[in-house]
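Chains as they are written, first to last, in this note's numbering: chain A, 9 to 211; chain B, 9 to 211.
All C-beta atoms, glycine included, are put in the ideal place defined by N, C-alpha and C.
One structure is given below, encoded as structure tokens.
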DNA sequence: CGATCACTTGAACACAGTCAACTAAGGTGG
DNA sequence: CCACCTTAGTTGACTGTGTTCAAGTGATCG
């Protein structure tokens, strides 16, 4: 069991990929950085998600805690051993990687072709949907990451994220009781903006 | 064995994913489309690449031939049967999906954070690198897709693709003997622009 | 209570998108 | 064989949107 304070690094781009992790609490961001500091967050990992399943010998991305997080660590032999004992585990892990790939394709569509409003709408619905599986309310979502993180996930600047959220608030589509709390007022509108390909992945 | 003329569809977004394909000749584009026609190409599949490995029951993207193409088709039972006979095949297929995921992460970095010049440079080097494995010259690359296809792959308009290529030509970085033929004149410059994370995937 | 960090908001700018015209290449049919 | 048509590519002018730069507000924590 590993505990990580917000901002702490689990591993860095280029580190040996000796372990696979399962998030049990908190939020972990996976990111890639160019030499001049430009950053792309490739995913926010929530409880239940695996980290490092896709990596070969070396991690191609960094993993850092966004909020206080806990993770289970598995080394390769232990994982192989477990796969032998638990029937269907291998298939489950394979399915997880496939789901990640599907999600990556959706994100490519978002990054390449969606407007800031559409990006934010898609992001909010995705996050709310994933949290809903753990009993959270479907009509609101807590953002434990900063505007900068969201921007680096959606291919926007933090200013554009802020402006877009506040414009949606002004338009009566969402409410922002606090900077980290988003309430969906017109879910149909948000869903229309998102045009989500994803039909709610099971998990 | 399936033959596809340029522009023909192998399968569409939403079709049942009953088969897995291996490209043996030509180029196939995988794309996702929003209701208003905006399109994102998630990948160009070249000889040796598998299509449909990542799909669940239904394809989340369409597959169309870019150039005259040939593919081998496998249904799920045949694939399972083959996996039992050929040792290491299952691992190979799993590795392919992981590589695809890695490539998808790189593409997210490209789409979210790279400039048009950097996008084009990355694209050219990637394509040349993949073709090199089949004996093509490493200092040039043939583009069998249109400027529009390239734009939809890189999150740009076709005009920006054209302008960027011609500006790189004017700058003496590349030569364009024809619209479909790119010659690398200053490979160091192109590599610098690309800042490729990818250390040449084996295959 | 002061310092820090996140967020918001405004103003100006720049860059890629849009619209449009034109050129080039390839294919078809008279 | 040439004329025509279609499709792809190039190039220019203009526009608009998201970025950049900057200032100011608000919340949290030692």
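Legend entry - Below-7 Å beta-carbon distance, residue 78 of chain A vs any chain B residue: no
Legend entry - Buried or exposed by the 16-neighbour rule on C-beta atoms within 10 Å, applied to residue 51 of chain A: buried
Legend entry - Beta-bridge pairing of residue 72 of chain A - partner residues as DSSP gives them: A:17 and A:37
Legend entry - C-alpha distance - residue 59 of chain A paired with residue 29 of chain A, whole-angstrom precision: 5 Å
Inset, instruction - Taking only beta-carbon positions, decide if residue 116 of chain B is within less than 7 Å of chain A. - result: yes
Inset, instruction - Starting from the N-terminal side, write out each stretch of the alpha helix (DSSP H) that is 4 residues or longer and does not extend beyond the stretch 50-102 of chain B. - result: 84-93
Legend entry - chain A within 7 Å of residue 50 of chain B, Cβ atoms only: yes
Legend entry - Residue-level contact to chain B via CB, residue 53 of chain A, 7 Å cutoff: no
Inset, instruction - Determine the DSSP secondary structure at residue 185 of chain B, reduced to helix, strand or coil. - result: strand
Inset, instruction - Taking only the alpha-carbon atoms, compute the straight-line gap between residue 157 of chain B and residue 120 of chain A and give it to the nearest angstrom. - result: 13 Å
Inset, instruction - List the endpoints of the continuous beta strand (DSSP E) containing residue 148 of chain B. - result: 148-150
Legend entry - Length of the line joining the Cα atoms of residue 154 of chain B and residue 195 of chain A: 39 Å
Inset, instruction - Closer than 7 Å, Cβ to Cβ, to anything on chain A: give me those residues from the stretch 82-106 of chain B, in chain order. - result: 102, 105 and 106
Inset, instruction - Please determine if the stretch 122-133 of chain A and the stretch 127-137 of chain B are in contact, where contact requires at least 3 C-beta pairs separated by less than 8 Å. - result: no
Inset, instruction - Determine which residues of the stretch 112-141 of chain A have a Cβ less than 7 Å from any Cβ of chain B, and write them out in chain order. - result: 112, 113, 115, 116, 117, 119, 120 and 121
Inset, instruction - Determine, using beta carbons only, whether residue 23 of chain B and residue 67 of chain B come nearer to each other than 7 Å. - result: yes
Legend entry - Minimum Cβ-Cβ distance from residue 109 of chain B to chain A less than 7 Å: yes
Legend entry - Assumed close pair residue 36 of chain B, residue 71 of chain B - CB separation to whole angstroms, cut-off 8 Å: 6 Å
Legend entry - Where the stretch 151-166 of chain B meets chain A: residues whose CB sits under 7 Å from a CB there: 163
Legend entry - Burial state of residue 31 of chain A, where buried means 16 or more other Cβ atoms lie within 10 Å: buried
Inset, instruction - Determine the DSSP secondary structure at residue 209 of chain A, reduced to helix, strand or coil. - result: With a pLDDT of only 41 at residue 209 of chain A, under the threshold of 50, the placement of this residue in the model should not be trusted; the figure read from the coordinates follows. Looking at residue 209 of chain A - three-state DSSP - the assignment turns out to be coil, as it is neither helix nor strand.
Inset, instruction - Below 7 Å CB to CB, which residues in the same chain sit around residue 104 of chain B once its five sequence neighbours on both sides are set aside? - result: 58 and 61
Legend entry - residue 126 of chain A beta carbon less than 7 Å from that of residue 193 of chain A: no
Legend entry - Endpoints, alpha helix (DSSP H) assigned at residue 175 of chain B: 166-178
Legend entry - Member of A:77, A:106 and A:141 whose CA lies at the smallest distance from the CA of residue 12 of chain A: A:77
Inset, instruction - Note the first and the last residue of the continuous alpha helix (DSSP H) segment covering residue 132 of chain A. - result: 124-140
Inset, instruction - Could you tell me which residues DSSP puts in a beta bridge with residue 11 of chain B? - result: B:78
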